[in-house]
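Peer 1:
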Amino acid sequence: MIYNKKVLEHFTNPRNAGELKDPDAIGKVGNIVCGDVLWIYIKVKKDKDGKEIIDDIKFKTFGCVAAIATSSITTELVKGKPVEEALKITEKDIVKALGGLPKAKVHCSLLAVRALREAIYQYLKKSGREIPEWLEKEHERIEKQTDAVEKRLC
Amino acid sequence: MKRVYLDNAATTPLDEAVLEAMLPFFREKYGNASSIHEMGREAREAIEKTREIIAKRLNAEPNEIVFTSGGTEANNLAIKGIALANKDKGKHIITQVTEHACVLNACRWLEKLGYEVTYLPVDKYGVVKIEELEKAIRKDTILVSIMHANNEIGTIQPIQEIAKICKENGIYFHTDACQSFCKEPLDMKKMEIDLITINAHKLHGPKGVGALVIKEGTKITPLLHGGGHEFGLRSGTENVPGIVGFGKAVEIMNSQVVEKIRKLRDRLTDRILKEIENVRLNGHPEKRLCSIANFSFLGIEGESLVLRLDSKGIYCSTASACSSKKLEPSHVLKALNLKPEEIQGAVRFSFGKQNSVEEIDYAVDVLKEEVANLRKISPYQP
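Those sequence lines, one after another, are chains A and B.
For the first sequence, the residue numbers in the numbering used here are 170 to 323.
For the second sequence, the residue numbers in the numbering used here are 4 to 385.
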């Protein structure tokens, strides 16, 4: 498994790694196939136009090099961005931003995207907002997998 | 940056004396050992000298040593060669689940040809279950292949006992001794082993050379046909510099070297178990090879730890889930019945004679830091 320099750089010096104090929401996902677990913490605030932006973001990852590097770049890509835009990020964007991932590791990028979406889902839910149908469905899928992984670890 | 190589089960650095011994056979003594002139005879003599060195080390006869391109070829020759030559007697082979891929895949290939293979289970330390072996033996069993020491966890198998059972049942016994050769006692005659696989690059010799030691009178078919080199069992012009290097490497491996390596392994093991929490030593606590130590660091992934150490100039290995191309967890650790997260967090350190106590201490110091760093960013706290 050979990683490119950018992936290794993000893995060795991950951005936004660790816990966020008093987060507005946490997105927790697990991958039952490889056993990786990823948590994304977000803090949301309104900018001067009243638009909600991701003010702060952090992650915790139990996983391989690709899982940590994709966590790092995902948080970097959305920090300071409007929530609406963050929801549009796809695994393709993540892989592209890292300059590519080994074929067998591309699925790791999905984990980071899902954790981000799950965090946003939790935020929207907590603040009593309308949740798009696709996000609701994604949340259900995530919940099932994550439960299985967490049960195994705890 | 300081570089500490702790991946000696993958390959070892070439010993300077081995290189010196090999060089003339690249430069002025480049003859083909099959040529009848002086330069051919010179090459032939050098090959025969290595044959004697290896024969002596294994208590075998020189004409029982068949040089190959390495361990993979020797294992293929042993398994396919015995299977094809003895199919009139039977088509059943016994091996175990924690063998090297070249043994397992040679067996799987034979299964496609209509052979039957029993893959014996191992206990939690990776030791093959003797009673399972006895149960698996059938009238049509022609070969038992059980490795001497495992390449991932270092567990040593009771091959003498296995050889005895095979002898009593008139079955050929083959052992892959690539990791253990010159490190653990191995006696072809006393232990009554029929076939032994060895290679050079795990003991500070060159890559690309190994041997299958075949007891005289063993019925075996060659895989490579050609000019009839190596007693007709392995055609192809001999790798003279490689074979010379193999001989030199064996010659200079002695009990002091083994003891030195064992001490390094023990120092690393003791410090890790004492100074890092939630670590598990994999493999057998005592019956294990001097050069390998495999640990599971809970709460982190082996691949991540290996590449964090890599970034600090420490080179070791993982066989866990995410290191293989197929994302398949290590078949060896899986066979030990470890929990998924123990398999995920596994890292192998392996030692060679070039390593020093200072290197080991540096490696452990960095390891402690990196384990802590990765645990800090892991949501899974063991």
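By construction, the Cβ of each residue, glycine as well, lies at the ideal position given by its N, Cα and C atoms.
Give me, in chain order, the residues of the same chain whose beta-carbon lies closer than 6 Å to that of B:E55; leave out the 5 immediate sequence neighbours on both sides.
Peer 2: Numbered from 1 along the second sequence, position 52 holds the residue referred to as residue 55 of chain B. Here the set comprises P65.
Peer 1: From what residue to what residue does the alpha helix (DSSP H) around A:H179 run?
Peer 2: The residue labelled residue 179 of chain A in the question sits at position 10 within the first sequence. Note, A:H179: alpha helix (DSSP H), K174 to T181.
Peer 1: Taking the alpha carbon of B:K115 as the reference point, which residue from B:C181, B:H103, B:Y128 and B:K94 has its own alpha carbon closest?
Peer 2: Here residue 115 of chain B corresponds to residue number 112 of the second sequence, with the count starting at 1. Comparing Cα positions, the closest option is B:K94.
Peer 1: Is there at least one Cβ from chain A nearer than 7 Å to B:Q99's Cβ?
Peer 2: Along the second sequence, one-based indexing puts residue 99 of chain B at 96. So, not an interface residue.
Peer 1: Buried or exposed for B:E99, please, with buried defined as at least 16 other CB atoms from any protein chain shown within 10 angstroms of its CB.
Peer 2: For the purposes of this step, residue 99 of chain B is taken as the residue at position 96 of the second sequence. The amino acid occupying residue 99 of chain B in the given sequence is Gln; Glu does not appear at that position. Buried, by the Cβ-count rule.
Peer 1: Relative to the alpha-carbon of A:I311, which residue among A:E188, A:V206, A:R298 and A:K261 has its alpha-carbon at the smallest distance?
Peer 2: By 1-based counting over the first sequence, the position of residue 311 of chain A is 142. Checking every option, the nearest Cα to that of A:I311 belongs to A:V206.
Peer 1: Please list, in chain order, the chain B residues whose beta carbon lies closer than 7 Å to that of A:A186.
Peer 2: If you number the first sequence from 1, residue 186 of chain A lands on position 17. Ordered by position in chain B, the residues that pass the 7 Å Cβ test against A:A186 are I380.
Peer 1: CB-CB under 6 Å to B:G245, same chain, minus the five flanking residues each way: which ones, in chain order?
Peer 2: The residue you call residue 245 of chain B lines up with position 242 of the second sequence. These residues qualify, in order along the chain: P209, G211 and V212.
Peer 1: Who are the near neighbours of B:L276 in its chain, counting only those whose CB is closer than 8 Å to its CB and skipping five residues on each side?
Peer 2: Position 273 of the second sequence, counted from the first residue, corresponds to residue 276 of chain B. Closer than 8 Å at the Cβ level, and outside the excluded window around B:L276, lie V282 and L284.
Peer 1: According to the neighbour-count rule (16 or more other Cβ atoms, all chains shown, within 10 Å of its Cβ), is A:R286 buried or exposed?
Peer 2: By one-based count along the first sequence, residue 286 of chain A stands at place 117. Buried, since its Cβ has 16 or more Cβ neighbours within 10 Å.
Peer 1: Would you say B:V7 and B:I317 are within 7 Å of each other, going by their C-beta atoms?
Peer 2: Here residue 7 of chain B refers to the residue found at position 4 when the second sequence is read from its first residue. Here residue 317 of chain B refers to the residue found at position 314 when the second sequence is read from its first residue. Contact: yes.
Peer 1: Tell me, which residues are paired with B:D179 by DSSP?
Peer 2: Reading the second sequence from its first residue, position 176 is the one you call residue 179 of chain B. BP columns for B:D179 point to B:T200.
Peer 1: State the Cα-Cα distance for the pair B:G229 and B:R237, rounded to the nearest angstrom.
Peer 2: Position 226 of the second sequence, counted from the first residue, corresponds to residue 229 of chain B. Position 234 of the second sequence, counted from the first residue, corresponds to residue 237 of chain B. Taking the straight line from one Cα to the other gives about 8 Å.
Peer 1: Can you tell me where the beta strand (DSSP E) with A:F228 in it begins and where it stops?
Peer 2: Position 59 of the first sequence holds residue 228 of chain A. From DSSP, the beta strand (DSSP E) with A:F228 extends over E221 to F231.
Peer 1: By DSSP, does B:Y365 sit in helix, in strand, or in coil?
Peer 2: On the second sequence, position 362 is the one that residue 365 of chain B refers to. The answer is helix: DSSP assigns B:Y365 an H, G or I state.
Peer 1: Strictly by DSSP, which residues pair up with B:E119?
Peer 2: By one-based count along the second sequence, residue 119 of chain B stands at place 116. Answer is B:H95.
Peer 1: Quick one: what's got a C-beta closer than 6 Å to B:E362's C-beta in the same chain, skipping five residues either side?
Peer 2: Residue 362 of chain B sits at position 359 when you count from the first residue of the second sequence. Only V7 meet the Cβ criterion.
Peer 1: Does the beta carbon of A:W303 sit closer than 7 Å to a beta carbon anywhere in chain B?
Peer 2: As a working mapping, residue 303 of chain A is identified with position 134 in the first sequence. So no, A:W303 is outside the interface.
Peer 1: For the alpha helix (DSSP H) containing B:V212, list its first residue and its last residue.
Peer 2: Here residue 212 of chain B refers to the residue found at position 209 when the second sequence is read from its first residue. No alpha helix (DSSP H) contains B:V212, which DSSP labels as neither H nor E.
Peer 1: If I follow the unbroken beta strand (DSSP E) through B:I149, where does it start and stop?
Peer 2: In the second sequence, counting from the first residue as 1, residue 149 of chain B sits at position 146. Taken as a continuous stretch (DSSP letters only), B:I149 belongs to no beta strand (DSSP E), as it is neither H nor E.
Peer 1: Using a cut-off of 9 Å between C-beta atoms, extract the partners of A:T315 located in chain B.
Peer 2: In the first sequence, counting from the first residue as 1, residue 315 of chain A sits at position 146. In chain order: nothing, as chain B lies at least about 11 Å away.
Peer 1: Would you check if the region 188–207 of chain B and the region 63–79 of chain B touch, i.e. whether three or more CB-CB distances between them fall below 8 Å?
Peer 2: Yes, the region 63–79 of chain B is in contact with the region 188–207 of chain B.
Peer 1: Here's the rule I'm using: 16 or more other beta-carbon atoms within 10 Å means buried, otherwise exposed. How should B:R111 be labelled?
Peer 2: Residue 111 of chain B sits at position 108 when you count from the first residue of the second sequence. Exposed, since its Cβ has fewer than 16 Cβ neighbours within 10 Å.
Peer 1: Along chain A, which residues have their Cβ under 8 Å away from the Cβ of B:I303?
Peer 2: Residue 303 of chain B sits at position 300 when you count from the first residue of the second sequence. Going along chain A in sequence order, the residues near B:I303 (Cβ under 8 Å) are F231.
Peer 1: What in chain B is Cβ-close to A:L177, meaning under 9 Å?
Peer 2: Against the first sequence, residue 177 of chain A aligns to sequence position 8. In chain order: L310, D313 and S314.
Peer 1: With A:A194 as the anchor, note down where its beta strand (DSSP E) starts and where it stops.
Peer 2: Here the question's residue 194 of chain A lines up with position 25 in the first sequence. Looking at the DSSP string, the run of the beta strand (DSSP E) that includes A:A194 is A194 to G199.
Peer 1: When you compare the CB positions of B:A63 and B:K222, do they come within less than 7 Å of one another, or not?
Peer 2: Along the second sequence, one-based indexing puts residue 63 of chain B at 60. Along the second sequence, one-based indexing puts residue 222 of chain B at 219. No, they are not a contact pair.
Peer 1: Let me check understanding here. Comparing Cα to Cα, which of A:K174, A:K229, A:G268 and A:G204 lies closest to B:E344?
Peer 2: Working through the second sequence from its first residue, we reach residue 344 of chain B at position 341. Here the closest residue by C-alpha is A:G204.
Peer 1: Run down chain B in chain order and give the residues with a C-beta less than 7 Å from the C-beta of A:V234.
Peer 2: Taking the first sequence and counting its residues from 1, one reaches residue 234 of chain A at position 65. What A:V234 touches in chain B: E306, S307 and L310.
Peer 1: Give a yes or no on whether the C-beta atoms belonging to A:T243 and A:A281 are separated by under 7 Å.
Peer 2: Here residue 243 of chain A is taken as the residue at index 74 of the first sequence, counted from 1. Here residue 281 of chain A is taken as the residue at index 112 of the first sequence, counted from 1. Yes, the pair counts as a contact, with Cβ atoms nearer than the cut-off.
Peer 1: On the three-pair Cβ rule with 8 Å, is the region 123–136 of chain B touching the region 182–193 of chain B?
Peer 2: Touching, no, given that fewer than three Cβ pairs across the two stretches are closer than 8 Å.
Peer 1: By Cβ distance, which residues of its chain are closer than 8 Å to A:N313, with the 5 residues on each side in sequence left out?
Peer 2: Here residue 313 of chain A refers to the residue found at position 144 when the first sequence is read from its first residue. Note that residue 313 of chain A corresponds to Lys in the displayed sequence, not to Asn. Excluding sequence neighbours, A:K313 sits near nothing in its chain.
Peer 1: Are the C-beta of A:T244 and some C-beta of chain B separated by less than 7 Å?
Peer 2: On the first sequence, position 75 is the one that residue 244 of chain A refers to. Judged by the 7 Å Cβ criterion, A:T244 is not in contact with chain B.
Peer 1: Which of the three DSSP states, helix, strand or coil, is assigned to B:S359?
Peer 2: Residue mapping note: residue 359 of chain B aligns to position 356 of the second sequence, counting from 1. Here B:S359 sits in coil by DSSP.
Peer 1: In whole angstroms, give me the CA-to-CA distance for A:V318 and B:P161.
Peer 2: One-based indexing of the first sequence puts residue 318 of chain A at position 149. One-based indexing of the second sequence puts residue 161 of chain B at position 158. Going by the C-alpha atoms only, they are around 38 Å apart.
Peer 1: Can you look up B:A63 in the DSSP assignment and give me helix, strand or coil?
Peer 2: In the second sequence, counting from the first residue as 1, residue 63 of chain B sits at position 60. Note: B:A63 maps to coil in three-state DSSP.
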